[in-house]
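413 is the number that my numbering gives the last residue of the sequence shown; the numbers go up by one with no jumps.
The structure appears right after this line, and notes come after that.
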Amino acid sequence: MDEEVMSVDSPLALQTGRSITPQIEPFFEWKAPHCADSAEWCPVEGLERLLACGTYELISANPDEDASIETNKSATKRVGHVHLFFTENDHKMSPRLLQQLDRPGILDMKWCQHRLKGQCMLAVADATGITELLLFDEKENQLKLVAKSKVNQRETLALSLDWSTAKYNCETPLMVTSDSAGEVHIRQVGTAEMICVASWKAHDFEAWIAAFDYWNPDCVYTGGDDNKLKCWDLRQTQSVPIFSTKKHSMGVTSIQSNCWKSNVLATGSYDEQVLLWDTRNLKEPTCSEEVGGGVWRLKWTPFSSCNLIAACMHGGVKILNFNGVSLNITTSYSAHDSLAYGVDWCRLRPSSSSAQIVAASCSFYDKSLHIWNFRSL
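This is the structure:
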């Protein structure tokens, strides 16, 4: 089932000049050995050129079975990798593959937004329910395993994770993970350990997503296949959420707090809707936008509060603008030939003479990672 990894030096890996819209300029495509579902740029100062791509593939006893992320009943084997790239320069950003780590299928990854005791850390959620903590060795340009954690011994998939550090630095941050049994776990993280400090049943079915309120890390939001968005206060017992809603009509798959504007929360769902919320009053969303596909990941731009990028499965990648009142699609990236699952913004700040921001996105069945420029008009 494995395919040979395409070298980034191959002429097939780099394709330029294929403009999607006047705001979009794609310049790099790479084929992974397995289905690509996670793309994460490093946010740590000085290491913004690092890009991690995660892959997941279900090798089934039935060759005709759908191998998407949702399938988990009759697998004989789950495989995947963490691919680590380094981009060489600001203009072309031609990536160089630094490392490929074999793993049992990657469902989510997140870099800690700042160094922990001087170290750059990447957390990985995999298809065996394990959360790994990897350290980036800056001398050897390699990721190294320093800790792994599995809360229980049941057969579950670790589906998502998030750090509490997007807004505020902390030397002993918290990490939240969610799994296919509907459970959510809170771990306290050091440079060489992860200690589980809380676990609870959050959803009736898969807990697709869990994320911190970056302005108030004592609050965690979760979304599940029961169509519910919930909010939990870590200072209280987790037997009952402080808020729960079913404003999404299908499973809630993506959540992200806005680091630039307090009280703004974005959520996405299989119902193909992106909803924005005022966290001071979660009874009703403040605005919404239909994006033409299930919303697997949402990421606010790291440089302002207005642009939101969405990986919309069969709807491709959408960039939305929030003007403080309404949410609207401004442009689309439609070069993927399959389900768009992973997406992220590069943290390299655009030059004063250019409004270009670099983004990465990946798609599932065509096993592709794309890097492209977005010019904000």
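Using N, Cα and C, we set each Cβ at its ideal position, and we do this for glycine too.
A quick note: this is a predicted structure, and the numbers were derived from the prediction, not measured.
Per-residue DSSP class, three states only, for residue i
i	result
residue 286	coil
residue 271	coil
residue 355	strand
residue 166	coil
residue 78	coil
residue 116	strand
residue 371	coil
residue 403	coil
residue 260	coil
residue 340	coil
residue 235	strand
residue 175	coil
residue 199	strand
residue 83	coil
residue 243	coil
Distance between residue j and residue i (C-alpha atoms, nearest Å)
i	j	result
residue 164	residue 90	15 Å
residue 215	residue 184	15 Å
residue 308	residue 175	44 Å
residue 55	residue 62	In this predicted model, residue 55 has a pLDDT of only 41, less than 50, meaning its place in the structure is not dependable; the value taken from the coordinates is given anyway. Roughly 7 Å separates the two Cα atoms.
residue 412	residue 139	37 Å
residue 384	residue 93	31 Å
residue 408	residue 255	34 Å
residue 248	residue 297	15 Å
residue 365	residue 313	17 Å
residue 41	residue 322	Caution applies to residue 41, whose pLDDT of 30 falls short of 50 and renders its modelled position unreliable; the value that the coordinates give is listed next. Rounded to the nearest angstrom, the two C-alpha atoms are 45 Å apart.
residue 194	residue 289	14 Å
residue 301	residue 220	19 Å
residue 95	residue 116	11 Å
residue 188	residue 236	12 Å
residue 124	residue 283	44 Å
residue 319	residue 267	12 Å
residue 355	residue 271	35 Å
residue 250	residue 203	5 Å
residue 72	residue 132	17 Å
N-terminal and C-terminal residue of the beta strand (DSSP E) that residue i is part of
i	result
residue 253	Run containing residue 253: none; DSSP gives neither H nor E here.
residue 381	376-381
residue 62	60-67
residue 205	No beta strand (DSSP E) contains residue 205, which DSSP labels as neither H nor E.
residue 147	142-147
residue 397	392-399
residue 215	210-215
residue 331	Where residue 331 is concerned, there is no enclosing beta strand (DSSP E), given that its DSSP letter is neither H nor E.
residue 226	Per DSSP, residue 226 belongs to no beta strand (DSSP E) and is neither H nor E.
residue 278	No beta strand (DSSP E) contains residue 278, which DSSP labels as neither H nor E.
residue 93	93-96
residue 193	Run containing residue 193: none; DSSP gives neither H nor E here.
residue 343	343-347
residue 132	131-139
residue 183	178-185
Proximity test, residue i beta-carbon vs the ligand FAD heavy atom, cut-off 7 Å
i	result
residue 274	This structure simply doesn't include the ligand FAD, nor any ligand for that matter.
In chain order, each beta strand (DSSP E) run of at least 3 residues that lies wholly inside the segment 287-327 | 288-293, 300-305, 309-314 and 323-326
Cβ contact check for the segment 244-262 and the segment 350-370: 3 or more pairs under 8 Å | no
Are the segment 375-385 and the segment 398-409 touching, with three or more C-beta to C-beta distances below 8 Å?
-> yes
Should the segment 267-278 be regarded as contacting the segment 330-348, the criterion being three or more beta carbon pairs within less than 8 Å?
-> They do not touch, by the three-pair rule.
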